[in-house]
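Visitor: First the structure, then my questions, so here it is.
Numbering (this note's numbering), first residue to last: 64 to 634.
What follows is the structure in C-alpha cells.
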C-alpha cells in the first residue's frame, strides 16, 4: 500500500510539473510575437565565427551593440593590422578648432623642379627622371611636414602619350616624383595637389567620427502591410531591435532595424538611402577646387624635356640612367598614341572589331562580379559584338544580374553586382549575392574567365569593412584555383575620380588610393592578373571619372582580352 501511495504521489507531482512547463511555454509564445526572429538571429550569431575588435576603434563604445565597423574575423586580425599599418598616412599636426587657412598647403605658392640627369647629358629612353616638389602655404612659407596627396604625370599631348610618376613623401614639405622615360620626343611634367595634408586630417576625422554616414533602406512586406527601415554594415542598437542578416558562409555582417509590425523574414528589397552629410565647419575652405583641391602646381623652371633614343654602342644598349639615390621605380605601363603599353611582360593586342573580340572569346565563359565600373565592361562587349545577345531577364538596368550569349560561337558572359553595401536603386534582396559565395558555385577551368572589381562602394566605411570583404573574396579565389587551376582570374583595381566638396567627405580619391593599396597587397601572392585601372586612368589625357570614358574602357578591354587569348608568364 505504501508503494502504491508513493507512485501515486510521484505521478501527481510529474503531472503538476508538466502542466507548469506547458503553461510557461504558452506564456512565452504569447508574450513574444517575434520569437522566430529572435531564434533566427541567435542561430546566426552562434554559427558565424566571432569577430574581434582591433586597435584604433573609432565609434563610441556601446556595450549593447552586436556589431562593429572595425571588426574582422579572428583569423584575419594580424593581417588586418599589417594592412592598416601599411597604408598609414604620414602624421601631420592636427588642426585646432579655429585655424588659419594661410598656414595650410596652397598649390599656387608651391613649385616643382626637374632635377638634372644623373651624370649629366641628355635625357634618353629608359632613364629615370626625378622631380622635386616643394610645398608652401598661402603665405609662401615652406611646409614643415608631409602628408599632402599629390598626383604626378609625364605626358605628350601631341602623340597622346602619358605615364604616371611615383610620388615619395620626405615628411618635411618636400616630395620627389620619379618618372620612367618611355618614348622619344617631348614630354611635359604635370603635378596636381589633390588634397592638402590638412584636408586629409579633415577627411580622416569625418571617417572616424561618422563611420555610418551612408545608409540604406529595406522594405518589409507581408500581404497588405509594408514597412521600411534603415540598414547598414553595423547599427548601434541592442540585438532585440535588429534583424541580423550576417552571411553564414563568409561572416559578412549586415543589419536592419526591426520593423514594428512585420518580421525579419519579410524583408523584400534593398536600396541606397542617402548620405548623412556631416558639416565640416570652417574646414570647407580646405576643399576649394583649383586652389587646394585638384589644383595644378607650377614649375619653378621649364616643365618640358626632350627624350632621345636609347644610346647604343657596339650593338649593345647602354644601361638606362638611374639616380644614385635608389629611387628607381617601374610603372604598370604607359600610353603611346592612345594605346596602353603594359610593362609587366604582357603584349597588349588591339581588338578593334567584333570579329577579333569574338575569336578571342570563342568557347569561353566570362563571369564578372563587382560594381558599375565592371558593368561598364559588360556593356562595352555587348555594344561592340552584335552577335553577343543580351538576354532580357527583366532585371533592374543598373544592378542586373545580366547575361549575354553568342550561341554560334559558344560564348557566355555574365555580370552580377557584389552585394551590400551596394549603393543601388531599389532591387530584390534575393539578388544580393556576395562575390565569395558566387565564386564557390563556379566550376572553372581552362575556358573560364572570372573578373572581379570591388572597391567604389566601400570608400565611405572604415578600412576594416573593405579588408574583411576582400579577404573573404581571396579565400574563395584560392578555393576556385585549387579545384580548377586553369581558371583565369582578373582583378580590377580602383581609379581616381572627379571631386567636389560633398564627395570629399563621402567618396574621395584619398579613400580610393588607400583601398587600392589594400587590394594590391591582399592579392599580391595569389595567382591572379591585375588590371591596373588606377594608372590607366591617371596616365590618360581625359579628365578623371569614377566611370572612365570610352577610350580608357577600350584600352582596359584590350588588356583583359590579351590576358585571355595571349597569356604571358606573370612577372
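Built from N, CA and C at the ideal position, the CB exists for glycine as well.
Hey, out of 312, 303, 336, whose CA is closest to residue 327's CA?
Guide: Position 264 of the chain shown holds residue 327. Closest option to residue 327, Cα to Cα, is 303.
Visitor: Where does residue 582 fall in DSSP's three states?
Guide: Here residue 582 refers to the residue found at position 519 when the chain shown is read from its first residue. Note: residue 582 maps to helix in three-state DSSP.
Visitor: From the DSSP output, read off the bridge partner residues of residue 369.
Guide: Position 306 of the chain shown, counting from 1, holds the residue named residue 369. Residue 369 pairs with 249.
Visitor: Within its chain, find whatever has a CB closer than 7 angstroms to the CB of residue 147; leave out the 5 residues flanking it on each side and keep chain order.
Guide: As a first step, residue 147 must be located in the chain shown, where it is residue number 84. Cβ neighbours of residue 147 beyond the five flanking positions: 526.
Visitor: Give, in chain order, every unbroken run of the beta strand (DSSP E) that is at least 3 residues long and sits entirely within the stretch 499-526.
Guide: Complete beta strand (DSSP E) runs here, min 3: 511-516.
Visitor: Roughly how many whole angstroms lie between the Cα atoms of residue 218 and residue 224?
Guide: In the chain shown, counting from the first residue as 1, residue 218 sits at position 155. In the chain shown, counting from the first residue as 1, residue 224 sits at position 161. Rounded to whole angstroms, residue 218 to residue 224 spans 5 angstroms at the Cα level.
Visitor: Got a sec, what are the start and stop residues for the alpha helix (DSSP H) residue 441 sits in?
Guide: What you label residue 441 is simply residue 378 of the chain shown in a count that begins at 1. Unbroken alpha helix (DSSP H) run through residue 441: 435-447.
Visitor: Might you give, ordered along the chain, the residues of its own chain that have their beta carbon closer than 7 angstroms to the beta carbon of residue 629, omitting 5 neighbours on each side?
Guide: For the purposes of this step, residue 629 is taken as the residue at position 566 of the chain shown. Taken in chain order, the residues that qualify are 410, 412.
Visitor: Do you know offhand how far residue 591's Cα is from residue 556's?
Guide: Locating residue 591 in the chain shown gives position 528, where the first residue counts as 1. Locating residue 556 in the chain shown gives position 493, where the first residue counts as 1. One C-alpha to the other measures close to 12 angstroms.
Visitor: Identify the residues that DSSP records as bridge partners of residue 191: which are they?
Guide: Taking the first residue of the chain shown as 1, we reach residue 191 at position 128. According to DSSP, residue 191 bridges with 243.
Visitor: Would you mind reading off the limits of the beta strand (DSSP E) that contains residue 289?
Guide: Taking the first residue of the chain shown as position 1, residue 289 is located at position 226. Residue 289 -> beta strand (DSSP E) spans 288-295.
Visitor: Going by DSSP, what residues sit across from residue 404 in a beta bridge?
Guide: Indexing the chain shown from 1 puts residue 404 at position 341. Bridge partners of residue 404: 397.
Visitor: Counting along the chain, where does the beta strand (DSSP E) carrying residue 470 start and finish?
Guide: Taking the first residue of the chain shown as 1, we reach residue 470 at position 407. Where residue 470 is concerned, there is no enclosing beta strand (DSSP E), given that its DSSP letter is neither H nor E.
Visitor: Can you tell me which of 338, 334, 312, 301 puts its alpha carbon nearest to the alpha carbon of residue 321?
Guide: Here residue 321 corresponds to residue number 258 of the chain shown, with the count starting at 1. Nearest option by C-alpha distance: 301.
Visitor: Roughly how many whole angstroms lie between the Cα atoms of residue 422 and residue 626?
Guide: Here residue 422 refers to the residue found at position 359 of the chain shown. Here residue 626 refers to the residue found at position 563 of the chain shown. Roughly 14 angstroms separates the two Cα atoms.
Visitor: Given a threshold of 16 other Cβ atoms within 10 Å of its Cβ, counted over all protein chains shown, does residue 461 qualify as buried or as exposed?
Guide: On the chain shown, position 398 is the one that residue 461 refers to. Exposed, because fewer than 16 other Cβ atoms sit within 10 Å of the Cβ of residue 461.
Visitor: Are the CB atoms of residue 294 and residue 279 nearer to each other than 8 angstroms?
Guide: Locating residue 294 in the chain shown gives position 231, where the first residue counts as 1. Locating residue 279 in the chain shown gives position 216, where the first residue counts as 1. Yes, the Cβ-Cβ distance between residue 294 and residue 279 is below 8 angstroms.
Visitor: So what does DSSP say about residue 264, is it helix, strand or coil?
Guide: In the chain shown, the residue the question calls residue 264 occupies position 201. Note: residue 264 maps to helix in three-state DSSP.
Visitor: Tell me the rounded alpha-carbon separation between residue 414 and residue 403.
Guide: The sequence position of residue 414 within the chain shown is 351, counting from 1. The sequence position of residue 403 within the chain shown is 340, counting from 1. In a straight line, the C-alpha of residue 414 is about 12 angstroms away from that of residue 403.
Visitor: Using the Cα positions of residue 274 and residue 129, report the straight-line distance between them to the nearest angstrom.
Guide: The residue given as residue 274 occupies position 211 in the chain shown. The residue given as residue 129 occupies position 66 in the chain shown. Near 16 angstroms, if we compare the C-alpha coordinates of residue 129 and residue 274.
Visitor: Once the 5 residues before and after residue 139 are set aside, which same chain residues still bring their CB inside 8 angstroms of it?
Guide: What you label residue 139 is simply residue 76 of the chain shown in a count that begins at 1. So the list reads 530, 531, 534, once near-sequence residues are dropped.
Visitor: Who are the Cβ neighbours of residue 347 in its own chain at under 7 angstroms, not counting the five residues just before and after it?
Guide: Numbered from its first residue, the chain shown carries residue 347 at position 284. Same-chain partners within the cutoff: 564.
Visitor: Report buried or exposed for residue 314, applying the criterion of at least 16 other Cβ atoms within 10 angstroms of its Cβ.
Guide: As a first step, residue 314 is located in the chain shown; it is residue number 251 there, counting from the start. Buried, because 16 or more other Cβ atoms sit within 10 Å of the Cβ of residue 314.
Visitor: For residue 164, collect the residues of the same chain with a Cβ closer than 8 angstroms to its Cβ; drop the 5 residues on either side in sequence, then sort them by chain order.
Guide: On the chain shown, residue 164 is found 101 positions in, with the first residue counted as 1. For residue 164, where only same-chain residues beyond five positions count, the Cβ hits under 8 angstroms are 201, 348, 349.
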